[in-house]
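*Asks:* Numbering (the numbering used here), first residue to last: 1 to 283.
Beta carbons are placed, not taken as given, at the ideal position from N, Cα and C, and that holds for glycine.
(1) Could you check the C-alpha separation between residue 284 and residue 156 for me, to the nearest Å?
(2) Just how far apart, CA to CA, sit residue 239 and residue 143?
(3) Does DSSP put residue 174 in a helix, in a strand, or in coil?
(4) Of all the beta strand (DSSP E) runs that stay within the bounds of the stretch 217-271, which reach a length of 3 or more residues?
(5) Across the stretch 121-133 and the stretch 65-80, are there enough close Cβ pairs to call them in contact, namely three or more that are closer than 8 Å?
(6) By a C-beta neighbour count over all protein chains shown, 10 Å radius and 16 as the cutoff for buried, is residue 10 buried or exposed?
(7) Tell me, which residues are paired with residue 131 by DSSP?
(8) Return helix, strand or coil for residue 7, following the three-state DSSP convention.
(9) Whole angstroms are fine: how far does the CA of residue 171 sit from the CA of residue 114?
(10) Between residue 50 and the rest of its own chain, which residues show a CB-CB distance below 6 Å, the 5 nearest in sequence each way excluded?
(11) Which ranges does the alpha helix (DSSP H) cover as unbroken runs of at least 4 residues, wholly within the stretch 17-103, from first to last along the chain?
(12) Using only CA atoms, which one of 132, 179, 145 lies nearest to residue 159?
(13) Of the choices 95, 46, 134, 266, whose alpha-carbon is the least far from that of residue 254?
(14) Among 225, 16, 258, 209, whose alpha-carbon lies nearest the alpha-carbon of residue 284?
(15) With residue 154 as the anchor, note down where its alpha helix (DSSP H) starts and where it stops.
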């Protein structure tokens, strides 16, 4: 069981880093992918096989994959598609180029690597593909439209692959975290808003409120969990004889899954608008 080869993307920080360390300790052969060489070196120093992979670049994916096959002796038992980032901003402020960047990382790269892995798993007659989605792949929040769209796409891809690959012995599983402590959250607000022309936006005051709220609150939310909460679900998805199709993580993820099922669209819109006011209301 524990000699399985597990390939993970987006391992520089947060969920990917925590999962790499934890799964390595559990005896798995982990191959962790990072975009920057300094992060690859750090993981290697920790005893984890690591390669450079920029999932937004098909050439980088293909080059890294060839190296991965050499390290794994042509075997991959579990693929964890974790790499991604969150682009904040009102949809009308998201340029074509920025939207393409969001999808290149969160969707196109995920699918390209998955396409390369599927023939390996099919030849083995087994395998598990675990896609890290999000609470925002379940419900839509204002000023998260680009990220929402990318994670809804991940949900659709996962649902389709789950049906298509079942006869080949390949399970496709979706993990849906809510708020998790990581550098991802810093990038989602502070860094991604640099791609927005805030000064000329209709929502200038809302952006200023978002930045103020984010820098003040950071990870103090009662519902924010550590990356280990996600890793725990990943372990169940890997080791269970009958893994679930979807694993919500954190109370908000469970709550919104229920609310979306039972509330009308208008009622859910009102609820989301209400809970978003503290972050995006202008003053």
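*Replies:* Quick answer:
(1) Since the first residue shown for the chain is 1 and the last is 283, residue 284 is missing from the structure and cannot be characterised.
(2) In the chain shown, the residue the question calls residue 239 occupies position 239. In the chain shown, the residue the question calls residue 143 occupies position 143. CA-to-CA, the gap between residue 239 and residue 143 works out to about 37 Å.
(3) Residue mapping note: residue 174 aligns to position 174 of the chain shown, counting from 1. Strand, per DSSP.
(4) 246-249
(5) yes
(6) Here residue 10 refers to the residue found at position 10 when the chain shown is read from its first residue. Under this definition residue 10 is a buried residue.
(7) Against the chain shown, residue 131 aligns to sequence position 131. Looking at the DSSP assignment, residue 131 forms a beta bridge with 81, 174.
(8) Within the chain shown, numbered from 1, the residue matching residue 7 stands at position 7. Here residue 7 sits in strand by DSSP.
(9) Looking up residue 114 in the chain shown gives position 114. Looking up residue 171 in the chain shown gives position 171. Answer to the nearest angstrom: the Cα atoms are 12 Å apart.
(10) One-based indexing of the chain shown puts residue 50 at position 50. Taken in chain order, the residues that qualify are 32, 40, 43, 44.
(11) Whole alpha helix (DSSP H) segments, 4+ residues: 37-45, 58-71, 96-103.
(12) By 1-based counting over the chain shown, the position of residue 159 is 159. Checking every option, the nearest Cα to that of residue 159 belongs to 132.
(13) Walking along the chain shown from the start, residue 254 turns up at place 254. The shortest C-alpha separation from residue 254 is found at 134.
(14) A question about residue 284 goes unanswered here, because the residues of the chain that appear run from 1 up to 283.
(15) Residue mapping note: residue 154 aligns to position 154 of the chain shown, counting from 1. 145-165 is the extent of the alpha helix (DSSP H) around residue 154.
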